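Undergrad: Numbering (this note's numbering), first residue to last: 193 to 565.
So this is what it looks like as C-alpha cells:
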C-alpha cells in the first residue's frame, strides 16, 4: 500500500566531509522523502562528496560554507530552516545533530530527530568519543525522537533511558533482481587479478577502527594462496597501510582503489567482501555486497554480530585477530561452492529484511511522532 503523502517539509542535516554509510543512508532517505512529503532537502558542506553526489542525482541541497566548529554554522542553518519552512530536522552525525538541532530549536521547530549511526564511545575510546557521547546526551533536551540503525545501538539507547523516543530502523538497499550481474573482466584486469584469483574487497574509510592492518597481516599469512585484496576507500591511514603492505612483502597483491562512487558496479567482480572492523553499526557495504550475493567475511562486532549468522550468511571471526581472518580466507578459498552459498543466503536475508519501502514507512512514522503536539 502506498504511503499517504505527509504535509510537513523535512530538512536532513549531514555535515560530513567524507562519504560513508551514514551518507548513503541520507542519500537514500532524501530521494524517497522528496515524493513522500511536502518537500525534502539536505543541508551539506559545500563541495563535500555528499554534496556532489546529491547534486548529480538532482536532490535539493542547501550548501554551507562555514566550518563545522564555527558558530556561523548555527546561524546559516537557522536561516535555511526558517526560509525553507521545515517542520522536521533530521540530523545525521554528531556535528550535524548539535548544530542542526540548536538551529531548529532557535527557529521554533519542534520536530527534531537524531539518527544515530555509530557507538561513538566504542569507535573512539578516548576524549573524542567521550565528547561525542556528551553531545548526544545534551541533545536529549532538543531531539523529540531518536532513530538507531542496529539492535546494538537501540539497546544502548534504551539503557540510557530514551524508551519510546528511540526507534530501530535498519538501513536499506535496492535489491537487484536475479540473475545478478556477472564479473566485469575489465574491472578485474584493473585490479591485476588472474582468472583463478580469489579477489577480496574491503569497502571502508581508511581509519584505525576499520581494522585494515589486521586484514593486511592476514593477507601475509595466506601468501601461498591465489588471493588478492582490493582496498576501496580513502582516509588518513593510506600511506601507513601502503607502507605496511610493502613491509609485509605483499604490496603486489594489494590494490588501493581510493574513494569510489560506483561501488555497486565493482561488487560483482569481487569473490568476497571483508570487513575487519573493531566496532561497527550496520554498514551499507555489507548490505550492498549481500544484495549482489557476495560471500561475506566479517568480524563479529556490533551490528555485524546481530545481523549475520556464522556459517549461514557469513564467515564471522573475532576482531583484532589476523590469524582468525586468515583462517576465514582459507575456508572460503578452499570451498568456493560453500562461499557462493553463503552469498546467496545473505542475498535472501537482505531481500526479506532490508527493503527501502519498509525503511521509508518507519521513518515517516517517527517524523509523525516528532511533529505531533
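C-beta atoms are modelled at their ideal positions from N, C-alpha and C, and glycine is treated no differently. What you are looking at is a predicted structure, and each value in this text was computed from that prediction instead of being measured.
(1) Compare the Cα-Cα distances from residue 476 to each of 526, 524, 310 and report the closest residue.
(2) Using alpha carbons as the reference points, say which of 284, 398, 300 lies closest to residue 278.
(3) Let me know the secondary structure DSSP gives residue 324 once reduced to three states.
(4) DSSP on residue 236, reduced to helix/strand/coil?
(5) Quick check: what's the CA-CA separation for residue 522 versus residue 406?
(6) Who are the Cβ neighbours of residue 370 in its own chain at under 6 Å, not counting the five residues just before and after it?
(7) Quick one: residues in its chain with C-beta nearer than 7 Å to the C-beta of residue 539, no 5 flanking neighbours on either side, listed in chain order?
(8) Ends of the alpha helix (DSSP H) at residue 148?
(9) Would you kindly report the start and end of the unbroken alpha helix (DSSP H) that includes residue 221?
(10) Do residue 414 and residue 391 have their C-beta atoms within less than 9 Å of each other?
(11) Answer yes or no: do residue 457 and residue 325 have a C-beta to C-beta separation smaller than 9 Å?
(12) Rounded to the nearest angstrom, what separates residue 306 and residue 330 at their Cα positions?
(13) Please go through the same chain and pick out, in chain order, the residues whose beta-carbon is closer than 7 Å to the beta-carbon of residue 582, but skip the five residues on each side of it.
(14) Take residue 493 as the anchor and find which of 213, 288, 343, 358 has the nearest alpha-carbon.
(15) How many angstroms separate the CA atom of residue 308 from the CA atom of residue 416?
(16) Is residue 294 near the ligand MN, in the sense that its beta carbon is under 8 Å from a heavy atom of that ligand?
(17) Taking all protein chains shown into account, decide if residue 282 is buried (16 or more other Cβ within 10 angstroms of its Cβ) or exposed.
(18) Within 10 angstroms of the Cβ of residue 238, are there 16 or more other Cβ atoms? Answer buried if so, exposed if not.
(19) Starting from residue 254, follow its DSSP beta bridges and name the residues at the other end.
(20) Three or more C-beta pairs closer than 8 Å, one from the region 491-505 and one from the region 332-349: is that the case here?
(21) Per DSSP, which residues does residue 488 bridge with? Please list them.
(22) Could you tell me how far apart the beta carbons of residue 403 and residue 298 are, in whole angstroms, since I believe they sit closer than 8 Å?
(23) Quick check on DSSP: helix, strand or coil for residue 338?
(24) Tell me, please, whether the region 355-375 touches the region 437-444 by the rule of three or more beta-carbon pairs shorter than 8 Å.
(25) Check whether the region 548-565 and the region 515-533 are in contact - that is, three or more C-beta pairs closer than 8 Å.
(26) Which residue's Cα is closest to the Cα of residue 399: 339, 467, 420?
(27) Near residue 516, what residues of its chain come up, given a Cβ to Cβ distance below 6 Å and the 5 sequence neighbours on each side ignored?
(28) Between the Cα of residue 333 and the Cα atoms of 408, 275, 433, 353, which residue gives the shortest distance?
(29) Using 9 Å as the threshold, is the C-beta distance between residue 609 and residue 424 below it?
(30) So residue 520 is in the alpha helix (DSSP H); what residue range does that whole segment cover?
(31) Using the DSSP secondary-structure output, state which residues sit across from residue 276 in a beta bridge.
(32) Whole angstroms are fine: how far does the CA of residue 395 sit from the CA of residue 374?
(33) Looking at the secondary structure, which residues open and close the alpha helix (DSSP H) in which residue 446 lies?
(34) What would DSSP say about residue 367, mapped onto helix, strand or coil?
(35) Which word fits residue 218, buried or exposed, when buried means at least 16 other C-beta atoms lie within 10 angstroms of its C-beta?
(36) Determine which residues share a DSSP beta bridge with residue 313 and list them.
TA: In brief:
(1) 310
(2) 300
(3) helix
(4) strand
(5) 15 Å
(6) none
(7) 482, 483, 485
(8) Missing from the structure shown is residue 148; the chain here goes from 193 to 565 and no further.
(9) 213-228
(10) no
(11) no
(12) 12 Å
(13) Residue 582 lies beyond the stretch modelled for the chain, which goes from 193 to 565, so this question has no answer here.
(14) 343
(15) 42 Å
(16) The model on display carries no ligand, and the ligand MN is accordingly not part of it.
(17) buried
(18) exposed
(19) 235
(20) yes
(21) 465
(22) That pair is no contact at about 40 Å.
(23) strand
(24) no
(25) no
(26) 467
(27) 509, 510
(28) 353
(29) Here the chain comprises residues numbered 193 to 565, so residue 609 is not present and cannot be evaluated.
(30) 514-526
(31) None, per the DSSP bridge assignment.
(32) 20 Å
(33) It is not in any alpha helix (DSSP H) - residue 446 instead sits in the beta strand (DSSP E) that spans 446-450.
(34) coil
(35) buried
(36) Per DSSP, none; premise fails for residue 313.
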